[in-house]
Structures are given as structure tokens and as C-alpha cells.
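Working notes for the structure below.
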Amino acid sequence: MKKTIPFNQAQIENITKTYPTPFHIYDEQAIRDNARRLNQAFSWAPEFKEYFAVKAAPNPHLMQILKEEGIGADCSSLAELILAEKIGLHDEEIMFTSNETPIEEYAKAKEMGAIFNLDDISHIEYIDQKIGLPQTICFRYNPGNSRVGNDIIGTPEEAKYGMTKEQMIEAYRMMKAKGATKFGIHTMIISNELNREFFVETAKMMFSLIQEISTEVGIEFSFVNFGGGIGIPYRPEDEPVDLEALGQEVKALYEEMIIKKGLRPLKICLECGRMITGPYGYLVTKALHHKDTYKHYIGVDASMADLMRPGMYGAYHHLTVLGKENEPATMTYDIVGSLCENCDKFAVDRNLPPIEAGDYLVIHDTGAHGHAMGFNYNGKLRSAELLLQSDGSVRLIRRAETLNDLFATLDFTPFLKKPSI
Numbered sequence: 049m050k051k052t053i054p055f056n057q058a059q060i061e062n063i064t065k066t067y068p069t070p071f072h073i074y075d076e077q078a079i080r081d082n083a084r085r086l087n088q089a090f091s092w093a094p095e096f097k098e099y100f101a102v103k104a105a106p107n108p109h110l111m112q113i114l115k116e117e118g119i120g121a122d123c124s125s126l127a128e129l130i131l132a133e134k135i136g137l138h139d140e141e142i143m144f145t146s147n148e149t150p151i152e153e154y155a156k157a158k159e160m161g162a163i164f165n166l167d168d169i170s171h172i173e174y175i176d177q178k179i180g181l182p183q184t185i186c187f188r189y190n191p192g193n194s195r196v197g198n199d200i201i202g203t204p205e206e207a208k209y210g211m212t213k214e215q216m217i218e219a220y221r222m223m224k225a226k227g228a229t230k231f232g233i234h235t236m237i238i239s240n241e242l243n244r245e246f247f248v249e250t251a252k253m254m255f256s257l258i259q260e261i262s263t264e265v266g267i268e269f270s271f272v273n274f275g276g277g278i279g280i281p282y283r284p285e286d287e288p289v290d291l292e293a294l295g296q297e298v299k300a301l302y303e304e305m306i307i308k309k310g311l312r313p314l315k316i317c318l319e320c321g322r323m324i325t326g327p328y329g330y331l332v333t334k335a336l337h338h339k340d341t342y343k344h345y346i347g348v349d350a351s352m353a354d355l356m357r358p359g360m361y362g363a364y365h366h367l368t369v370l371g372k373e374n375e376p377a378t379m380t381y382d383i384v385g386s387l388c389e390n391c392d393k394f395a396v397d398r399n400l401p402p403i404e405a406g407d408y409l410v411i412h413d414t415g416a417h418g419h420a421m422g423f424n425y426n427g428k429l430r431s432a433e434l435l436l437q438s439d440g441s442v443r444l445i446r447r448a449e450t451l452n453d454l455f456a457t458l459d460f461t462p463f464l465k466k467p468s469i
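Using this note's numbering, the first residue of the sequence shown is number 49, and each one after it goes up by one.
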């Protein structure tokens, strides 16, 4: 698919008069339209709820946009729970899916009325002894060698997440005996997947598991969460997942495996993050240096601290040189930052138009797992986040860090100059 951007060179030049590069900028209207499309694709379900994976873009302004579109929050930490609380989400608008979790975080989730999605059977007694169990409970299933994963999450057998089928059955028995009144079930075994059939097979797997556990344990399930993992087309040659077709294929399975089997109508849940905001965020950076050694390098004012994925995974992110969109790509560059790590590269051997110092480069698809994965190694300061609003105006939704922010947790008192005697 053709990679496009919702702004032009003149707009960016005007924005940088107030907000210098580098910065991430998000397209509000595109995010809203995409959220509505997902909700519509599953509107056939008696109930449907998308829980945005907060870890993908933990900014309350983005979360508020999604809340207005009927989307909840999938949280995995105390900080993410508090972000959800700040924008007014509560109770079953929040799914708390975490692993190796401190009791203080479970206590906060319980206080907020969030759904507990437990990762291990041992957590039942851990929570019960410390703070008491909630009435609504969900468990995360790991199918082991019956399914395959991918490079991001890994093969299910080697992943640290979830429980075996035998553990799932025992966990529901335990919770039934402890007085739980509402049951859900969850899985998440792949990330950034573009093959729609994988998600259809996941739905089939989970509906089959619901049939088995319902009979074995004697409980009714209220909801099923298929997790997230729907990928986005990072490369121009990629095609996005057909959400409408996916919705209809899951509907056919639902009618055959749930309704016709006389099982209780289920609430259908997803916890997509990347697919919701990923394609609608952009990292804007400025070319600073041009180096020619064994290769041609363009040094920019952003670094891996602003976008970790290319350095961490070798992930592809498309690049546009503003003002040169229609010029021939006659040069081959590595686009690099200033971090003291050789993996600090946004692109390797990328064919692009000739780049000069001062040119603005737009790195596409940074709206998820972009700013969120930022860090301060080398004393790098995390960049600002901007929102391109539906009316075309731009709003600051997170300021850039300063050296004062970086040093705020240090105690410089011992190094202050002492008065002479």
C-alpha cells in the first residue's frame, strides 16, 4: 500500500518554529476513523470491547480519544492503571493483564474494579492470601506446541506467558470453589501478524477451549479475549489485515461453536495496540550531518532513544524526505542517530533522494511502541509528542524532556562548592 503522511513540508517547518525536532506527531482523525472501523467490524457481536494496549502508546490524550470511541484499556502495570484512572476509565473498562506482578499492583486493579487476567495458577492463592480475590476472573492460555508464534513473542512453549490447558481447567475449578461468579478467558500468542487466518484459527481454538472447560468444570463463560497482535503494513508492499473479513469469519465460528452449541452468548474482546495507533504516528527528525566512508551516512537529530524498534529488532520503518517525495531515489544511505551504539540506525542501505543538512525526514508508523520504548542511555532526552487534531491544529500532548528532568533523581548536594573558611 502507498505510504502517505497527513502533513507537508510547509506545515512541519511552521510546527518546528514552536516545537523543535525530533518529535512524534499523531493523526487524531485517522486514529478515530480506525477505531470506528474496528468497532464496526465486530458490531455483530452481542457485546464487543476493544481494550487498547496502553503499553503501545501510554499517553492520556491518545487514550482519551479512544475512550470517546468506546475503547477501554488493557493495562499491565501500576503506571498504566493510573493513566486509565486519570482519564476516568474504571471497572470492566479495564483489563489488567500482567505477569510476575507485585501485590500492590493487584491491589490497585482491585480498587479500580478492573478485570483480573491472571497469567499463572499460583497467582490465585497469592492474591487470595494478600488482598482477596475478585468475583470476576480471567486466565491467560498458552497453547504450547499446538500453535506457532513469531519472532516478537516467540514460540508458545518458550514464552513466559500463560498457562497450560491442564492448569486452566484446574484454575477455573479453584475459582469456582472460591465463589467466583463471572468467568473470562484470554490468549495472546503472536505480535504484528498480517495473516488474517492466524486470528481466525485463534478464535476457533478459544471457542473449542470454552466448550471443553464449560463441560469439564461446569461454568459459563461471560467473555473471551482473543488478545491483540494484529499487525500493520510497515513496508509499502504489505497489505493491512482486512478487519471486515476477519469480523465476519469470527462471526461464522461464533454462531457455529457458541450459539449452536447452546453456550451462553459471549462478549468478544480484543486488546489491540499497534493496529489502533501505530500507522498514525510519525517521528519527525532533521538531517544534521553527511558522512562518507565505506558507506554513505546521514546523521539526524533523533536517535534509537526515540525509536528503538529498528535497532532492537532490525524492524523496517518507511522514510519520507519532506519536499522530495517525488524525486528519484538515486542515493543509498544509512540513516543514523548519535547514540554510542552501532545499532542506532533507522534505515540501512535505504534508497532515497539526495539528502542535505536541514532536510526533514519523516519516519512512518511510530504511533505504537515508538515513544513508549524511549530511554535515557547516553543521556538522551526523550522527545515531545504532538497531536495533529481533527481541525488541522497541532497541540502539545507531552513536552520534550530537559536535563533537569534527567537529573531530577540525582543528589548533587555532596558536590556543591563549600564556602571557604
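Just so you know, even glycine gets a beta-carbon here, dropped at the ideal spot from N, CA and C.
One or two residues paired with residue i in a DSSP bridge
i    : result
R188 : H234
V410 : V332 and T368
I217 : Answer by DSSP bridge pairing: none, since I217 is not bridged.
Y381 : R398
C317 : K97 and N273
D75  : L436
G339 : Note on residue identity: the sequence assigns Lys, not Gly, to residue 339. Note: K339 sits in a beta bridge opposite Y345.
V442 : L436
E241 : I278
M211 : Y189
K393 : V384
Straight-line gap, residue i to residue j (C-alpha atoms, nearest Å)
i    : j    : result
G118 : F100 : 10 angstroms
C317 : N374 : 42 angstroms
I200 : G321 : Confidence at I200 is low in this model, with a pLDDT of 49, below 50, so its placement is unreliable and the value that follows should be read with caution. In a straight line, the C-alpha of I200 is about 14 angstroms away from that of G321.
R447 : A432 : 5 angstroms
M49  : G415 : 18 angstroms
E470 : K178 : The displayed coordinates of the chain run from 49 to 469. Any statement about residue 470 would go beyond what the structure contains.
R85  : E95  : 16 angstroms
E449 : S386 : 17 angstroms
A219 : I307 : 25 angstroms
P150 : R430 : 28 angstroms
I278 : L294 : 11 angstroms
I185 : K372 : 54 angstroms
N243 : S262 : 30 angstroms
H365 : T341 : 24 angstroms
A207 : D397 : 33 angstroms
L336 : L464 : 36 angstroms
P358 : G266 : 48 angstroms
A157 : M379 : 53 angstroms
D122 : V384 : 34 angstroms
D81  : L301 : 27 angstroms
E287 : I346 : 29 angstroms
D168 : E214 : 12 angstroms
L434 : L181 : 40 angstroms
E297 : K393 : 40 angstroms
M360 : D453 : 25 angstroms
Y282 : A395 : 13 angstroms
A225 : Q183 : 12 angstroms
Buried versus exposed, by CB contacts within 10 Å (16 or more), residue i
i    : result
E128 : buried
P313 : exposed
C388 : exposed
D70  : Correcting the residue identity first, residue 70 is Pro in this sequence and not Asp. Counting Cβ neighbours within 10 Å, P70 comes out buried, since at least 16 surround it.
F455 : exposed
T66  : exposed
K170 : Per the sequence presented here, residue 170 reads as Ser, with Lys not at that position. Exposed is the call here.
C391 : exposed
H417 : buried
L451 : exposed
S146 : buried
F16  : The requested residue 16 does not occur in the structure, where the chain is confined to residues 49 to 469.
P327 : buried
D439 : exposed
CB contact flag (residue i, residue j, <8 angstroms)
i    : j    : result
Y189 : M216 : yes
L257 : I238 : no
E173 : G192 : no
K315 : F271 : yes
H344 : A405 : no
V369 : I411 : no
K97  : S124 : no
M160 : H138 : yes
L400 : L355 : no
Y484 : I73  : With the chain running from 49 to 469 in the structure shown, residue 484 is simply not present.
E76  : L436 : yes
T325 : A350 : no
A83  : L114 : yes
I163 : F144 : yes
A420 : P106 : yes
T235 : M211 : no
A353 : K252 : no
Cβ-heavy atom distance, residue i to the ligand COA, below 7 angstroms
i    : result
C388 : Annotation note on the ligand COA: not contained in the displayed structure, which lists no ligands.
Can you list the beta strand (DSSP E) stretches of 3 or more residues lying completely in the segment 111-182, in chain order?
Fully enclosed beta strand (DSSP E) runs of 3 or longer: 120-123, 142-145 and 163-166.
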